[in-house]
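Protein chains: 4
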Amino acid sequence: MYFETTFPVRYYETDQMGVVHHSNYIRYFECARNAMIDQGGYPIQDCERDGVTIPVVEVECKFKHPARMGDVITVSASIDKVPMAKLVIHQTVRNQEGALCAEGDVTLGFLNKATGFPTRCPDRLVQLIEESLKDK
Amino acid sequence: MYFETTFPVRYYETDQMGVVHHSNYIRYFECARNAMIDQGGYPIQDCERDGVTIPVVEVECKFKHPARMGDVITVSASIDKVPMAKLVIHQTVRNQEGALCAEGDVTLGFLNKATGFPTRCPDRLVQLIEESLKDK
Amino acid sequence: MYFETTFPVRYYETDQMGVVHHSNYIRYFECARNAMIDQGGYPIQDCERDGVTIPVVEVECKFKHPARMGDVITVSASIDKVPMAKLVIHQTVRNQEGALCAEGDVTLGFLNKATGFPTRCPDRLVQLIEESLKDK
Amino acid sequence: MYFETTFPVRYYETDQMGVVHHSNYIRYFECARNAMIDQGGYPIQDCERDGVTIPVVEVECKFKHPARMGDVITVSASIDKVPMAKLVIHQTVRNQEGALCAEGDVTLGFLNKATGFPTRCPDRLVQLIEESLKDK
């Protein structure tokens with residue numbers, strides 16, 4: 179399952195080093211993840227309405243090349259494996275010239291919204307991922 | 179009712195102009211407002227648990243002097259009038275030398291969390307404000 | 179001079195009230211302003227390279243209707259008058275159903291980057307605005 | 179070298195899950211790092227004035243327990259080794275009850291501000307760290 183989304187850097191995302199603050203790549207990652215499941219027909223707000231919240235349990239990110247104001251970046255999310263208790267997503271941020279700005283893995287868990295306890299990945303999301311992996 | 183809180187500027191709050199991004203003063207204002215009612219014994223999370231959310235309905239802010247990384251700022255919130263349907267709070271941000279960085283008025287409304295409709299300011303908050311105005 | 183740009187709400191922009199945090203509309207406004215002058219051929223980074231920074235000196239914003247995760251918002255910026263020392267921009271945020279989420283005026287100043295002192299609006303920006311107003 | 183700093187969660191840092199958005203722990207980490215070198219007498223703005231910027235080159239973070247509005251968190255930064263080309267800092271976020279909310283390692287690089295090329299850790303920062311490690 180692969181998805182990418184493209185948008186310009188926002189001015190407030192820069193810092194006094196003159197580049198995008200590192201924490202924002204973590205936020206860019208989230209934009210691509212949510213757009214991916216949105217396009218798959220199961221947006222995050224539906225998932226939460228179905229009683230499952232999807233907290234991030236781990237982030238690993240390498241910052242390779244600064245993104246700057248004026249850049250139009252493309253953020254990717256890809257899933258290689260059907261999730262059980264956890265879902266690992268590989269993510270990248272590239273600028274308009276294709277330079278790799280940041281790359282990392284984000285691990286999501288699944289919580290029953292009512293009890294706060296861990297639960298399995300919602301069936302609809304499992305199906306979405308299974309179908310996309312079949313296509314490969 | 180007057181309250182102030184002091185904290186250092188955070189690096190990620192700066193932008194490529196080398197100063198605190200203007201949107202962050204709006205956030206600083208919120209910090210002082212919440213610390214004020216927290217100290218008054220009625221923190222925002224209790225208020226929300228009591229079924230009332232307090233959305234911001236209007237902000238007016240003048241940006242006078244840039245705050246910078248390294249500055250330790252003091253943010254004030256003051257209330258002059260017992261609220262009915264709305265609550266107006268006057269707010270300032272000053273740096274460690276007393277220079278006025280930003281100044282403005284924030285108007286809050288009150289919503290019944292269950293219905294989403296406007297409601298009156300919660301009694302406990304009215305009492306807090308009345309008592310503080312009596313002290314003057 | 180009128181411009182609008184459309185993008186989805188980002189998850190991290192929501193708060194525990196379940197809606198977009200008010201400070202983010204101020205940031206959305208900036209996105210539309212920068213996209214407008216970018217499209218006009220004079221992006222903010224060129225302007226800064228030309229030695230002029232454009233601080234926000236005043237913001238007035240009314241929050242009318244909450245934007246939520248899942249919304250795709252359209253942010254507008256419009257200029258009615260050729261700027262001298264200051265530039266006033268009227269801005270709106272609407273959701274996909276056309277509901278007005280926020281509306282306000284943002285006033286920009288112009289600073290000589292080297293001296294830090296106020297300066298006039300850069301000629302290229304004045305021309306951009308004059309031409310667009312002629313078209314009306 | 180060990181440092182910790184304590185501050186309350188800010189309302190705008192929460193998201194619609196009702197907890198602090200994961201990206202903010204990355205920002206909390208930065209607050210503790212900067213406060214540490216500030217207290218050591220070599221604040222980040224001096225470092226930048228000396229011509230060295232300190233980009234984050236890698237972040238690893240595990241999110242263990244949600245921080246919430248109302249929590250007062252303590253963020254730690256610790257350094258175990260004198261840096262050469264890179265500086266690794268171990269960081270934690272705990273709430274007022276001592277629960278570990280997030281834990282991770284942040285790796286910093288050093289760039290010559292003028293050339294943009296990698297450089298060594300500034301001498302003053304090396305000395306700061308050496309002295310603190312001697313004390314152990």
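Residue numbers (the working numbering), protein chains in the order written: chain A, 179 to 314; chain B, 179 to 314; chain C, 179 to 314; chain D, 179 to 314.
No residue lacks a Cβ here, since even glycine has one placed at the ideal position from N, Cα and C.
Looking at the DSSP output, residue 255 (chain B) bridges to B:181, B:269. A check of alpha carbon separations from residue 192 (chain C) across A:299, A:223, A:188, A:270 identifies A:223 as the nearest.
Of B:217, B:274, B:231, the smallest CA-CA separation from residue 179 (chain B) is found for B:217. Along the stretch 192 to 218 of chain C, the positions whose C-beta sits under 7 Å from a C-beta of chain D are 192, 193, 194, 196, 199, 201, read in chain order.
A distance below 8 Å separates the beta carbons of residue 296 (chain D) and residue 263 (chain D). Here residue 187 (chain B) carries a coil assignment [DSSP, helix/strand/coil]. Residues of the stretch 216 to 236 of chain B with a C-beta less than 7 Å from any C-beta of chain C: 231, 233, 234, 235, 236, listed in chain order. In the DSSP annotation of this structure, residue 275 (chain D) is not part of any beta strand (DSSP E), being labelled neither H nor E. Below the 7 Å Cβ cutoff, chain B contributes no neighbours of residue 180 (chain D), its closest Cβ being approximately 19 Å away.
A distance below 6 Å between beta-carbons, with the five flanking residues on each side excluded, links residue 281 (chain B) to the following residues of its chain, in chain order: 240, 270. At a cut-off of 8 Å, the C-beta of residue 288 (chain B) has no neighbouring C-beta in chain D. Close partners of residue 238 (chain C) in chain B (Cβ separation under 7 Å): 238.
Cβ-Cβ distances below 6 Å link residue 244 (chain A) to 197 in the same chain, with the five nearest sequence neighbours on each side left out; the list follows chain order. For residue 209 (chain B), the uninterrupted alpha helix (DSSP H) segment begins and ends at 201 to 217. The secondary-structure analysis by DSSP pairs residue 285 (chain B) across a beta bridge with B:236, B:266. Residue 312 (chain A): member of the alpha helix (DSSP H) spanning 301 to 312, first to last residue. Residue environment analysis places residue 255 (chain C) among the buried positions, since at least 16 neighbouring C-beta atoms fall within 10 angstroms of its C-beta. Flagged as an interface residue toward chain A: residue 247 (chain C), by a C-beta distance shorter than 8 Å. For residue 274 (chain C), the number of other beta carbons within 10 angstroms of its own is below 16, and it is reported as exposed. Chain order gives no chain D residues near residue 295 (chain A), where near means a beta carbon separation below 8 Å; the closest approach is about 13 Å. Neighbours of residue 185 (chain C) in chain A, taken as residues at a C-beta separation under 8 Å, are given in chain order as 185. Contact between residue 304 (chain A) and residue 260 (chain A) holds, since their C-beta atoms are separated by about 6 Å, short of 8 Å. Proximity to residue 187 (chain D) across B:209, B:183, B:248 peaks at B:209, based on C-alpha coordinates.
Among the bridge pairs identified by DSSP, residue 296 (chain D) is matched with D:289.
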